[in-house]
Structure formats: structure tokens, C-alpha cells
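Q: Take any residue in the sequence shown, count from 1 to its spot, add 39: that is its number in my numbering. Ideal Cβ placement from N, Cα and C applies to all residues, glycine included. This one's a predicted model, so the numbers in the text were calculated from it and none came from an experiment.
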Amino acid sequence: IGENCCGKSTLADALHVKLGGHVVTGKDYLRMAKSPTEAASLFQQKLQSAVNGENILYVISEKEHLGLLPEGAIRILVTADLATIKERFRARMRGNLPAPVEKMLEQKHGMFDHGDYAFRFSSTQDDLDTFVQAFESAL
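1. Please classify Lys57 as buried or exposed, where buried requires at least 16 neighbouring CB atoms within 10 angstroms.
2. Say whether chain B places a C-beta atom closer than 9 Å to the C-beta of Thr169.
3. Would you decide whether Ser192 is buried or exposed? Buried here means 16 or more other CB atoms lie within 10 Å of its CB.
4. Over what stretch of residues does the beta strand (DSSP E) that includes Val90 continue unbroken?
5. When DSSP labels each residue in this structure, what does Arg133 get in the three-state scheme?
6. Am I right that Phe174 and Phe158 are in contact with their C-beta atoms under 8 Å? What's the rounded C-beta distance?
7. At a cut of 8 Å, does the stretch 122–139 reach the stretch 77–90 through at least three beta carbon pairs?
8. Is the stretch 69–83 touching the stretch 137–152 in the sense that three or more CB pairs, one from each, lie closer than 8 Å?
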């Protein structure tokens with residue numbers, strides 16, 4: 040769980056290598072059915088069964104998707120400082136960060152900070168491999 044360009048996918052990929060399972064990003068679950076409502080229902084069922092079964096690493100960057108997480112899901116907040124997020128977004132946009140996009144990043148910065156998380160990972164302060172090992176040991 041985290042803002043754009045904070046390192047969520049990098050962490051999910053590292054956890055996937057270590058723990059296996061499936062990585063689902065954002066609205067990818069919509070491919071599960073023709074209607075968004077049916078897809079969300081199917082995905083919630085799959086997430087619920089994953090609480091005590093196969094790992095699903097759900098990468099969330101929009102608050103609206105938090106409601107899909109079932110009770111018992113392990114929530115990890117992924118953060119990065121604003122300057123790093125802007126630089127990563129600029130690179131993603133081929134070196135150009137338009138002012139409206141920069142303003143959007145500034146407005147969204149910290150939007151997940153006050154939630155209830157089992158783990159917190161800062162991609163600008165924490166070592167990825169150390170975090171993954173600590174996470175695996177805590178399971």
C-alpha cells in the first residue's frame with residue numbers, strides 16, 4: 040500500500056521471489072469478470088481464501104482499493120520521500136514532470152500514512168533485502 044512511485048512494485052516483486060504467490064496491481068482484478076462488481080466480488084473471495092492459503096501480493100495505490108482487503112490481510116505501508124517520488128515519476132515520464140502532475144504528487148503525499156499497518160517499509164531509508172528477510176521471519 041502506498042503512493043505512486045514509492046517502491047510498492049519493487050517490494051512486491053522481491054516478496055514474490057521469496058514467498059511465491061501472485062502479484063496483482065491496482066485494477067488488474069477487473070480481468071476476472073465482465074462486470075466490475077462481479078470482478079471485485081470474485082477478487083475479494085480470492086483475497087479472503089489467501090489469508091490462510093496461497094500468497095497474493097496486492098499492490099494498492101488508490102484508497103478505494105483498501106476496502107477489498109479482508110480481515111487478516113497483512114498490510115505493508117511503502118513510503119518514499121517526496122523528492123524521490125517526483126524523481127521516479129519524472130523518469131517514468133521520460134524526464135518531464137508537468138506542473139499539474141507534480142502538484143498531484145504533492146497533494147497525495149502521505150495519504151496512506153495514518154492507516155493500520157503490520158509493517159512499514161521506506162524505499163529511501165530501508166534496505167530491501169533486510170526488510171524481506173525480516174518479513175519472512177515474522178510470518
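A: According to the structure shown:
1. exposed
2. Here there is only one protein chain, and chain B is not present.
3. Because the chain in this structure spans residues 40 to 178, residue 192 falls outside the shown range and cannot be described.
4. No beta strand (DSSP E) holds Val90; DSSP gives it neither H nor E.
5. In the structure shown, Arg133 sits in coil (DSSP, three-state: anything other than H, G, I, E or B).
6. 6 Å
7. no
8. no
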